[in-house]
Amino acid sequence: MTPAPLGLRDRAREVAELLARLLLMFITGLGVSLALGAVVLLLAGPAQAASREDGSVQQGTLLFRGADGGDPVAAPLLHTDVTLRVSGPIVRAKVVQRFRNPADDWREGTYVFPLPENAAVDRMRIQVADRVIEGEIQARAQAQATYEKAKAEGKATALVSQERPNIFTTRVANIGPRDEIRVEIEYQHTLDYAVAEGVGRYSLRFPMVVAPRYIPGKVIADEESGATTGTDVVPDAAAILPPMMLPDEAGPIINPVSLNVYLDAGVPIASVDSPFHRVRVDTLKPSVRRIRLSEGRTPANRDFVLNWTLAAGTAPSATLFVEPGKDRDHALLMLVPPAPSAVGKRLPREVVYIIDTSGSMEGESIVQAREALAMALARLDAEDRFNVIEFNSTASALYTSAQPASRANVDHAVRWVQRLRANGGTEMAGALALALDGGRNADRVRQIVFLTDGAVGNEAQLFGMIQQRLGDSRLFTVGIGSAPNSHFMRKAAQAGRGTFTYIGKIEEVRARMSELFTKLESPVVKGLTITWPSGARADASPDPLPDLYLGEPVVVAAAIDRTVGGEVRLSGDAGDIRWTSSLALGDANPGEGMGVLWARQKIDHWMDTLADGADEAVVRKQVLALALEFQLVSKFTSFVAVDKTPARSADARLQSGAVPGHFPAGWSPSGVVGELPQGATDARWHLLLGLMALAAFFLTRTPRVRQLSMKG
Amino acid sequence: MSTVCHNCSHHEFLGVECAWPAPTCRDVAAPRHQRIVAWSIKAIAAVSLLVALSQFGQAGYIHAKAWLAQTLISQAWQKTLAGASQVKPWPWADTWPVARLSVPARGVELYVLAGSQGRSLAFGPGHVFGTADPGALGNSVIGGHRDTHFAFLEWVQAGEAVEVEMPTGEVAVYRITDQRVVDKSDTGVLASPPDTHRLTLVTCYPFDALRAGGPLRYVVTAEQLGASETL
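Chains as they are written, first to last, in UniProt numbering: chain X, 1 to 712; chain B, 1 to 231.
Shown next, in the form of structure tokens:
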């Protein structure tokens, strides 16, 4: 006899039972979810304690597409060869941009590229076939006109102009079919130098990529052509945003760079380190190295950095260069003051951390920033107070006012920071408004640590704001990522009377943040004054001298009348003692290009006064005079070179194109270019998984399986 | 039931096969492997039930949140209409209503929140930062979830009216002109040609996909009719 078959009634009962169970389950699920929903709505996310209460949220533009210059396809190909010659604290660089036309038509190329923010560009020449034509400095508009005229006449011509202190544009017209035009640009600047525990450390940075920047404000379009040129806040936005090849569309290296460094430190070198590129280092002498990129041609997608430390005990603490000039001599003085002794009782600190969580930070940068911030929070003492502000399109603070750095508060902050994600715009003004209260309070030291990539186009507006609202706070910028906007970082720190630290990769976070904190915790060298020999009629810059943090040198450039000798005297307060150092002008090293460095500093000084509200016409006049005298590229002057021999006949057409740049390494395209919002939830997926689990459950309830389970 | 036939150790009695199984024979020691099988089946049953519950719970939670939040936001919107700005629907919210969107033909009424990041989209459609304000000159882009708030987009047709109530109380009326599928990186959708009064609604595509995070987006474009009326 086989097992009795189930009756129809039993089957019906089984089905009914199943349906009832399903219904019950659904109701339970719904109930649970509603309850959960209510609970979470009521309890979740207490992190958002405060946000910007004043004013409305500004609206900005994520990215401009297709800056003027037009189609990248029509652009000539570009190779860049860089030679950097370091002598002591100064570097002289030659950048050769080779524009090659691969096609049979005539071409014009536009290339937007970065240079160090303190570079004094003082020479430009072009090479067409075997003819070399020296470039000439002209007022910006005039240079532009010269270029346009030569372009229309079919002559080979090039124009180099400055869009920002660290962003330049080269335009080259009338590159013949399958021909090449070389544009050589030379510049000079002083290196970053610091002394830590008796060891001197130099840092050289060659930026390779103009990172996309956030442009706040309302878009304005050119009235005639209708093309967007910028916004009411950043009128020249199109000029600082070159077309960009995203990693997946770039394919091979589009504008390769080769780089050679000849490093003569003057004193024995202990170690050389290139944190972001693989290099080959040849030791020529104890004090001389030759450094090359080991991969030869490298994509220009992240800044090149070279650090070297000097052998112990050889760190120069004072260097003076003098260059004889036509009318006046030019001097450059670099001096590291003695480490200040701690004074009296340590004042409690109030530290405000600002972290940039805008779209450009997406990828490696936000990871670095979170790490750095977590480290910084751990360094606080119990009597310190702190707050954390994050910003993207809006700014929000962790606490409405600074809280004591108790264990619980710090832990809470660290957890909050770990949850931060990067997306949206870069409305820095909101965050700065929250952090800078403009107040003065002698009972505390107020420090603001600002972690960002500085990818904004409205630098000038922000500098003005920092100056106005600083009060007795000090602003320390920490540059994050493979290509931070160091012009912004340095100037913001200068306006905020703090320092600039650069972190390029996650492995560096610890070392760099410790350095910064040593600075933050050490007393400052104040009241620096410099006295030149009588009769020198020195015109020095910067004036007055800034306060210095531990290990920082004071760098002064000056124009002086030729004097027989005498001493430069520098003094300041180090803790509670006053020290004085003096250097004899007669013992100065002969230097080259000191005049150019001085002129560049003076131009910088004049441009800075704009943020204070100086009259632009006055500044323009001063800058123009300096730039024309010293043959410098500035906001108001450009280099232009024209080949005298016409090459292109009037009937041959000229194709124009903008040379595209790489996307900065480690950046996430979706964070910057933006993505359309994600419009789905996983609700259905959960429903499917739920159904599958339910099916599995019922499978275990079938009579067959049930019978097996009965045997237990 | 204790017939002889239901002797637990035997399947037959006197050579005759019994009706099987015997319902009360649980406690008789079964072979070891059978016990293991039995236990694992029970464990599987329990785990599946738990998983089913939690998954249904999560799915329900997503919908519950979407639905509950809109109710709270409606109150914040009333305050906004009364003149307040950036009214948070709940005290710790990091977003606020910026417009009310309705499609009369479909009986849809939604509050649009500021920002289109995942956090705010769970509560309502989000206005993409950096694009024009809803109802204002330019291209205003609003994103929403295809399976909650913006599920109706699957059915809308060209020519249907979309109304946007602005914080001022004014209502802008748009007509749907175009529906298309684009890749998520196609930011041309966000562009704002001069002199446009455009509303762009973005959601995920395809509508019946199980999981979130696909690369395609469904874009519905509507152009303003020009007529504005005050409530």
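C-beta atoms are modelled at their ideal positions from N, C-alpha and C, and glycine is treated no differently.
{"Check": "When burial is assigned at 16 or more other CB atoms within 10 Å of the CB, is residue 584 of chain X buried or exposed?", "Outcome": "exposed"}
{"Check": "Looking at the C-beta of residue 330 of chain X, does it have a partner C-beta in chain B at a distance below 8 Å?", "Outcome": "no"}
{"Check": "Taking 8 Å as the limit between beta carbons, can you name the residues of its chain near residue 403 of chain X, skipping five residues before and five after?", "Outcome": "385, 386, 387 and 409"}
{"Check": "So residue 455 of chain X and residue 212 of chain X are supposed to be a Cβ contact under 8 Å. How far apart are they, rounded?", "Outcome": "7 Å"}
{"Check": "According to DSSP, is residue 175 of chain X helix, strand or coil?", "Outcome": "strand"}
{"Check": "Between which residues of its own chain and residue 605 of chain X is the CB-CB distance below 7 Å, once the five residues before and five after are set aside?", "Outcome": "541 and 542"}
{"Check": "Relative to the alpha-carbon of residue 155 of chain B, which residue among B/131, B/60 and B/219 has its alpha-carbon at the smallest distance?", "Outcome": "B/219"}
{"Check": "Please classify residue 128 of chain B: is it buried, with 16 or more other beta-carbons within 10 angstroms of its beta-carbon, or exposed?", "Outcome": "buried"}
{"Check": "Using a Cβ-Cβ distance cut-off of 8 Å, determine whether residue 50 of chain X contacts chain B.", "Outcome": "Below a pLDDT of 50, predicted positions are generally treated as unreliable, and residue 50 of chain X, at 32, falls in that range; no measurement from the model is reported."}
{"Check": "Of all the options X/124, X/173 and X/232, which has the alpha carbon lying nearest to the alpha carbon of residue 188 of chain X?", "Outcome": "X/124"}
{"Check": "Find the residues of chain A that neighbour residue 220 of chain B, judging by a C-beta separation of less than 7 Å, and give them in chain order.", "Outcome": "Note that chain A does not occur in the displayed structure, where the protein chains are X and B."}
{"Check": "Identify every run of the beta strand (DSSP E) within the segment 73 to 153 of chain B, keeping only runs that are complete inside it and at least 3 residues long; order them along the chain.", "Outcome": "97 to 103, 108 to 114 and 138 to 143"}
{"Check": "Helix or strand or just coil, what does DSSP make of residue 458 of chain X?", "Outcome": "coil"}
{"Check": "Of the residues that make up the segment 676 to 698 of chain X, which ones have a beta carbon closer than 9 Å to any beta carbon in chain B?", "Outcome": "676, 677, 678, 679, 680, 681, 682, 683, 684, 685, 686, 687, 688, 689, 690, 691, 692, 693, 694, 695, 696, 697 and 698"}
{"Check": "Any beta carbon of chain B sitting closer than 8 Å to that of residue 423 of chain X?", "Outcome": "yes"}
{"Check": "So, with DSSP's three-state summary, where would you put residue 419 of chain X?", "Outcome": "coil"}
{"Check": "Can you check whether the CB of residue 122 of chain X is closer than 8 Å to the CB of residue 631 of chain X?", "Outcome": "yes"}
{"Check": "Please report the distance separating the alpha-carbon of residue 212 of chain B from that of residue 609 of chain X.", "Outcome": "52 Å"}
{"Check": "Report the rounded CA-to-CA distance for residue 117 of chain B versus residue 124 of chain B, giving the unit in angstroms.", "Outcome": "11 Å"}
{"Check": "For residue 428 of chain X, return the contacting residues in chain B, with the cut-off set at a CB-CB distance below 9 Å.", "Outcome": "The premise fails here: residue 428 of chain X is roughly 15 Å from chain B at the closest Cβ pair, so nothing lies under 9 Å."}
{"Check": "Which residue wins for smallest C-alpha separation from residue 157 of chain X, given the options X/164, X/31, X/108 and X/199?", "Outcome": "X/108"}
{"Check": "Where does residue 78 of chain X sit, in a helix, a strand or coil, going by DSSP?", "Outcome": "strand"}
{"Check": "If contact is defined by three or more beta carbon pairs under 8 Å, each pair taking one atom from either stretch, is the segment 162 to 173 of chain B in contact with the segment 690 to 710 of chain X?", "Outcome": "no"}
{"Check": "Classify residue 230 of chain X as helix, strand or coil using the three-state DSSP reduction.", "Outcome": "strand"}
{"Check": "Checking contacts by CB at 8 Å: is residue 75 of chain B closer than that to chain X?", "Outcome": "no"}
{"Check": "For chain B, check one thing: does any of its Cβ atoms lie closer than 8 Å to the Cβ of residue 391 of chain X?", "Outcome": "no"}
{"Check": "Could you pull out every residue in the same chain whose Cβ sits closer than 8 Å to the Cβ of residue 688 of chain X, ignoring the five residues on either side in sequence?", "Outcome": "none"}
{"Check": "Give the straight-line distance between the Cα atoms of residue 537 of chain X and residue 556 of chain X, rounded to the nearest whole angstrom.", "Outcome": "15 Å"}
{"Check": "Of all the CB atoms in chain X, is at least one closer than 8 Å to the CB of residue 184 of chain B?", "Outcome": "yes"}
{"Check": "Looking only at its chain, what residues have a beta carbon closer than 8 Å to the beta carbon of residue 16 of chain X, apart from the 5 residues adjacent to it on each side?", "Outcome": "none"}
{"Check": "Using a threshold of 8 Å, state whether the C-beta atoms of residue 316 of chain X and residue 267 of chain X are closer than that.", "Outcome": "yes"}
{"Check": "Report the residues of the segment 10 to 34 of chain X with a CB closer than 9 Å to any CB of chain B, ordered along the chain.", "Outcome": "25, 26, 28, 29, 30, 31, 32, 33 and 34"}
{"Check": "Are the Cβ atoms of residue 524 of chain X and residue 548 of chain X separated by less than 8 Å?", "Outcome": "yes"}
{"Check": "Classify residue 31 of chain X as buried or exposed, calling it buried when 16 or more other Cβ atoms lie within 10 Å of its own Cβ.", "Outcome": "exposed"}
{"Check": "Would a check of beta-carbon distances place residue 150 of chain B closer than 8 Å to chain X?", "Outcome": "yes"}
{"Check": "Checking the sheet assignment: what are the DSSP bridge partners for residue 309 of chain X?", "Outcome": "X/201 and X/271"}
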